[in-house]
Amino acid sequence: MGLSQLLRTGVSALARTRLTSTQPIGSTLLPSNLIPSITSRPVLSPFSHYRRTMATQASSLSDFGHFKLLQSFDIKYAPVKVSKWRSEKTGLTVVVGDHAAPVTNGHFAIASEIFDDTGRPHTLEHLVFLGSKDYPYKGVLDHLANRAGSNGTNAWTANDHTAYTIATAGSEGFLNMLPIYVDHILHPTITDAGFVNEVHHINGKGEDAGVVYSEMQARENTAGDLIALNLQRALYPETSAYRSETGGLMAKLRVLTAQQIRDYHSQYYVPHNLCLLIDGAVPLDKLFSVLNEKVDPLILSHLPPNQTVPPAGWKRPFVETSTALPLSIPKDQTQVVEFMEEDESIGEIYFTYLGPPPTDYRTNLAVKLLSEYLTSSATAPLQKEFVEIPKPLCTGIGFYTEDRVNKNEITGYASDVPAKHLHTLGDAIKAKLGKIVREEGIDMERMSLVIRRDKRKLLNSMESNVSGILADAVIGDFLYGDKDGKDLAVTFDDLEDYAVLEKWSAQDWVQLLDKYFVSASSINMIGKPSAALASKIETEEKDRLAKRREELGEEKLKELERLVEEAKAESEIAPPSEMISGFPITDPASLTWVPVETAVCNVPGKEIKGDQGELQRHIDKDDVELPFQTYFSHVKSNFVMVSALFDTAKVPPHLKPYLSIIQNALFSLGVKRADGSELTHEQVVDQLSDFTVVQNAHFSFRGAFSEVFVISLKVEKADYEKAVQWIRDLVTGAVFNKERLAVIIAKQLQELPYEKRQGTSVARSWINRLAYSMEKSTSEACSLLSLLDFVPKTANALEDEPETVIQRLEEARQYLLDPSVVRVSVAGNVADLPNPKASLARSFIPYQAAQPLAPLSTAEDTLTELGQNPSKKMVLVPMGAIEGSYAYHYAKGPAGWAHPDLPALRLAAAVLNASESYLWKSIRGAGLAYGASIEVDPESGLTGFSVYRSGDAREAYEVGGKLLRGLADGSVELDQNIVDGARSTMTYEYARKSETVAAAAMTAYLNEALKEVGKDDDRAMLERLPHITLQQIRDVISRYLLPIFDSATSIGAAAVNSGKAAELEEGYKKLGFEVERRELPTFDGEPDSESGSESGSSMSGEESGDERSEDGMEDIRSP
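Throughout the sequence shown, residue numbering follows the numbering used here, covering 12 to 1130 in sequence.
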């Protein structure tokens, strides 16, 4: 796996990832082609840059037993205290981030160094979850975690650490889980049977299988992994662990043994190489009672007596090994890396430099700010030169850094590069950087803007993602900082660093650019798509398997099948019932929820009450009436999010796709403001950047109501009215001119090849095309499949008849100005706003008078005939860019959030999807897929089943159906312990939805004003769960979920490797489906000789949309 793809603050691609049912039917993360943005996503995802704010030393804490306090300090501009202890007896490190939150998070990190490509760090990560010495049963950890108020455990493997995670509602369940989790990490069973099932085996067909093997098979030949691995190989010598593929190359996994993994565990999984980061509202006395009385004694019972801490001969990974030898790039090196792709029109470019040491925080921050100066908006020098042009040389350009022991990596990338520019663009970028150093210099006005925005975003991140910020900083410090924690406080001194950097001169910034970019050598990778490679790999794999089958013979294959079944049987031995039932279940009543106070300004046609308390009185002090419905949700925050929601149901079918252009262009067009002034697109970009922390234009609100077009600005509370004015002017005054639209549409077009390489997106696209009408649904008219046709045609039309395109954009805009379709949400520190209603009255869209509010359209309103009556239809899409298959199936379910069967059905889905539960064991545990899950969407009235990274999605679908039929008729036991655990997991899921102040405020709006189920519906749902019986669960499985697994009552779509398409097609036909093969278009050149663009979509960037997940703003049903 490409090591630079691993996100330190989230579950990485090398993660024991589970699929959940938290998204509605048809939902995925917003595709890049539907996010208005400036900076494109790299194929190699950077580590998150959540970092520091000023720290002050705190002296109120002390030692706890034999855990000695090393450091303790308050983060000055966030209500968080960070403290670090180490056990004198075991060397175990514990860091606590103390802050108020309804969820307690744990990140348990091991410095996992490896000097080969066997993937032992990754395989060990998986095997840890199969049982410990004291709990020697597969799945027991997740069963107990579910009862503790979690959604199970998880982990990821990067190339310098492995992190194990758990998050629970409240702290009680977390403390109960802590010793059990540590036991699994430090004392796993690592059995031969577990290795066979979870890592690798040869099945009775002579094929390679196993969860890890299947995962890496789906990744090894993708663009991101191939480029990342070759970068590592070129940059680091064989003496460096950073050179290794920690995920494991398939050829190495095929010869790896369980004993090799045991040996690796004994060397690195030791208490003095383990850091427990715990954050949330955790009582320290209770935490250290568990650590002193349970965790440390457990560890000591497995250690030799009188062992020193650390033991003699121990070398700290990375810091005291050959990996720490000095590194240099003596001269520029360039390599071409081919990746599988039938569409050869678009590639990628990467170039890596050596940066400052990881503990030089100020210089690293300066490099980050310089990178943002160069790339982070349409006015950035590199964006203007290479992206914001009529014929883009790429659709996005950026830099990211990764911590390394001596010198950090600085990696630049150019995304979606036309094939003809792949060999020249890298030199052009470097030439531009050199020109800035020698001639142009640094624009200090823009640099000041970048610094101000970065500080605002830091403060916002401390509200919206404090756990991620802590994990990034603490894990980095554990790996590379002073072992006694002396560097930890310094990592949170950002504001002091900002103050110093604000005083830098233009020459200081030029010198930094010259040192780390212009005068420095780099490793350059050209990612080139290759249709021939896809065919070659397919042929080689078929030949290899055929040769193996011939060598093994029929009898040996039968023996291998028997051994696999025996291993499976051994691994699936259930833990004693009392081991599960004796573990306490989290009580929802014990949770502390983020307080939200609400107020409403109603209009005719819709009456919402709100809290009718102090906030309502504050709002009503403004003696004005608003002609649009407005919902205010107050939380303690430094920020306010203003969102305008426009229901697009009235937009005519022929205009609906044009909203995708408006969505992409909105924050980077020229604007005619209400005061008559006219701004260029560059002025708009810079002025928005100078006061916002989030800019968003997207379909849906927190994963619901996909027909609603939402425009949001998040600002400091002092800029509330300014945000309102800007939303007004963006909507009413955006200037559509040919030249600017040509640039935006060219980028959108050029990104489409990347989007259509993603198997899960393609499969989701086609199932949605079957279920939702393009004529009725704006989000479907703006989906990947629609844009593959619409964007090339519009690019040509803009060249030939621009007035027609502009006229249709103007017509589409007018439908957003209908007051009967507009709703406004103001979420954040509303109580501190002096005149929240009056500001809206004078500064929002100037509607003359209130009109009755039209009912909010739902996904159910946009269903096709097949969506309303799913039956038999199956679309199969062969793809050369993927290995394996991805599939989705839909059937009818309950419609409406108040449906009486919904609580039982949601619980049934939680039971089926839970870690180590029914679907996990029958599909993932059998090696049929990396993941499978049930989905429930009351908005559309559909239920669904998804299969992710499967060797045979059809077989996984069959097995899932057999399982659910057994649960429905009672031939498969519905385990009370699993049901109890699922109830507790749902407690966590609902607490997580309102974990931060921003999320809590918008959840209140979603529930009360949009779903109309009441502000506290999530808590009400939790109160219903204990009363749902096992028979009710069986009933809803039979009524709503079994139809998914019957071709007569379901529809489906699958994306599959081209070489396996015939086999899957035949399999689905045998199940009764009418299978239709569909091909995605290939972009093999420019749409015509004049238009100057190739193909693409749009993407999430620094200026807009980069904090969607934190603030709950996400698109749904968008493949």
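Ideal Cβ positions, reconstructed from N, Cα and C, are used throughout, including at glycine.
(message) Suppose the cutoff is 6 angstroms on Cβ atoms and the five residues either side in sequence are ignored; what does the same chain contact list for G205 look like?
(response) Contacts found: L138, L141, S582.
(request) In the DSSP assignment, find the alpha helix (DSSP H) that holds I177 and state where it starts and stops. (result) Not the alpha helix (DSSP H): I177 falls in the beta strand (DSSP E), residues 173–180.
(request) Name the residue from L376, I630, A439 whose alpha carbon lies nearest to the alpha carbon of F397. (result) With distances taken between CA atoms, F397 lies nearest to A439 out of L376, I630, A439.
(message) Tell me the rounded alpha-carbon separation between L40 and Y959.
(response) Summary for L40: the model assigns pLDDT 26, below 50, so the residue's position carries little reliability; its value from the coordinates is reported in the next sentence. Rounded to the nearest angstrom, the two C-alpha atoms are 15 angstroms apart.
(request) Pull up the distance between the alpha-carbon of D203 and that of D525, whole angstroms please. (result) Answer to the nearest angstrom: the Cα atoms are 54 angstroms apart.
(message) Rounding to the nearest angstrom, what Cα-Cα distance links E349 and Y224 in this structure?
(response) So the two alpha carbons sit approximately 22 angstroms from each other.
(request) For H195, count neighbouring Cβ atoms within 10 angstroms of its own Cβ and tell me buried if that reaches 16, exposed if not. (result) Within 10 angstroms of the beta-carbon of H195 lie 16 or more other beta-carbons, which makes it buried.
(request) Label Q759 either buried or exposed according to how many other C-beta atoms from any shown protein chain fall within 10 Å of its C-beta, with 16 as the threshold for buried. (result) Per the 10 Å Cβ criterion, buried.
(request) Could you tell me whether the Cβ atoms of A967 and A774 are closer together than 8 angstroms? (result) Cβ distance not < 8 angstroms, so A967 and A774 don't count as in contact.
(message) Can you list, in chain order, the residues of its chain with a C-beta nearer than 7 angstroms to that of V1024? Leave out the 5 residues immediately preceding and following it.
(response) Cβ contact annotation for V1024 (same chain, cutoff 7 angstroms, sequence separation greater than five): W908, A909, N1018, in chain order.
(message) Considering just the uninterrupted stretch of the beta strand (DSSP E) at D780, what are its terminal residues?
(response) What sits at residue 780 in the sequence shown is Arg, not Asp. Careful: R780 lies outside any beta strand (DSSP E), inside the alpha helix (DSSP H) at 770–782.
(request) Can you tell me which of L953, K95, G992, P315 puts its alpha carbon nearest to the alpha carbon of L285? (result) Residue K95 is the option with its Cα nearest to L285.
(message) Using a Cβ distance threshold of 8 angstroms, determine whether the segment 182–200 contacts the segment 146–156, with at least three qualifying pairs required.
(response) Yes, since at least three Cβ pairs between the segment 182–200 and the segment 146–156 fall closer than 8 angstroms, the two stretches touch.
(message) Please state the DSSP three-state secondary structure of M785.
(response) Coil at M785, not helix or strand.
(message) Please state the DSSP three-state secondary structure of N241.
(response) Here N241 sits in helix by DSSP.
(request) In the DSSP assignment, find the unbroken alpha helix (DSSP H) run with N208 in it and report its ends. (result) Run containing N208: 203–209, per the alpha helix (DSSP H) assignment.
(message) What does DSSP give as the partner residue(s) for Q346 in the beta ladder?
(response) Paired residues: M536.
(message) Taking 6 angstroms as the limit between beta carbons, can you name the residues of its chain near R467, skipping five residues before and five after?
(response) Taken in chain order, the residues that qualify are V704.
(request) From the DSSP output, in three-state form, read off P35 for me. (result) Note that P35 scores a pLDDT of 35, beneath 50, so its modelled location is shaky and nothing firm can be said.
(request) Classify I125 as helix, strand or coil using the three-state DSSP reduction. (result) The DSSP-derived three-state label of I125 is coil.
(message) Tell me which residue opens and which closes the beta strand (DSSP E) that I421 is part of.
(response) In the DSSP assignment, I421 falls within the beta strand (DSSP E) that extends over 420–429.
(request) Look at the Cβ atom of N214, then the Cβ atom of E549, and state whether they are nearer than 8 angstroms. (result) Contact flag unset, no.
(request) Indicate the three-state DSSP secondary structure (helix, strand or coil) for P199 in the structure shown. (result) P199 falls in the strand class under three-state DSSP.
(request) Would you mind stating whether P813 and A861 have Cβ atoms separated by less than 8 angstroms? (result) Going by C-beta atoms, P813 is not nearer than 8 angstroms to A861.
(request) Count the other C-beta atoms from every protein chain shown that fall within 10 angstroms of the C-beta of I584, then say buried if there are 16 or more, exposed otherwise. (result) Classification for I584: exposed.
(request) Can you tell me which of S478, D701, P847, V635 puts its alpha carbon nearest to the alpha carbon of H629? (result) The candidate whose alpha carbon is nearest that of H629 is P847.
(message) Taking only three categories from DSSP, how would you classify Y224?
(response) Y224: helix per DSSP, three-state reduction.
(request) Could you round the C-beta distance between Y783 and A1020 to whole angstroms and report it? I think they count as a contact, below 8 angstroms. (result) About 24 angstroms separates the CB atoms of Y783 and A1020; that is not less than 8 angstroms, and the two are not in contact.
(request) Could you name the residues of the same chain whose beta carbon sits closer than 6 angstroms to that of F747, not counting the 5 residues immediately before and after it, in chain order? (result) Around F747: I817, L820.
(request) Have a look at D843 and K725 and give me their C-alpha separation to the nearest angstrom. (result) So the alpha carbons of these two residues sit roughly 16 angstroms apart.
(message) Going by DSSP in three states, S1058 sits in which element: helix, strand or coil?
(response) Residue state, collapsed to three classes: helix.
(message) Can you tell me where the beta strand (DSSP E) holding W167 begins and where it ends?
(response) Here the beta strand (DSSP E) through W167 covers 165–168.
(message) Taking the straight line between their C-alpha atoms, what separation do you get for L298 and S277?
(response) Within the model, the alpha-carbon separation for L298 versus S277 is close to 27 angstroms.
(request) Determine the direct distance from the alpha carbon of D1028 to that of G621, and round the result to whole angstroms. (result) C-alpha separation (whole angstroms): 13 angstroms.
(request) Give the DSSP-derived three-state secondary structure of F489 in the structure shown. (result) Look at F489 here: in three-state DSSP terms it is helix.
(request) Counting only the same chain and skipping the five closest in sequence on each side, list residues whose C-beta sits under 6 angstroms from that of R464. (result) Within the same chain, Cβ atoms closer than 6 angstroms to the Cβ of R464 are found at S700, the five residues on either side in sequence being excluded.
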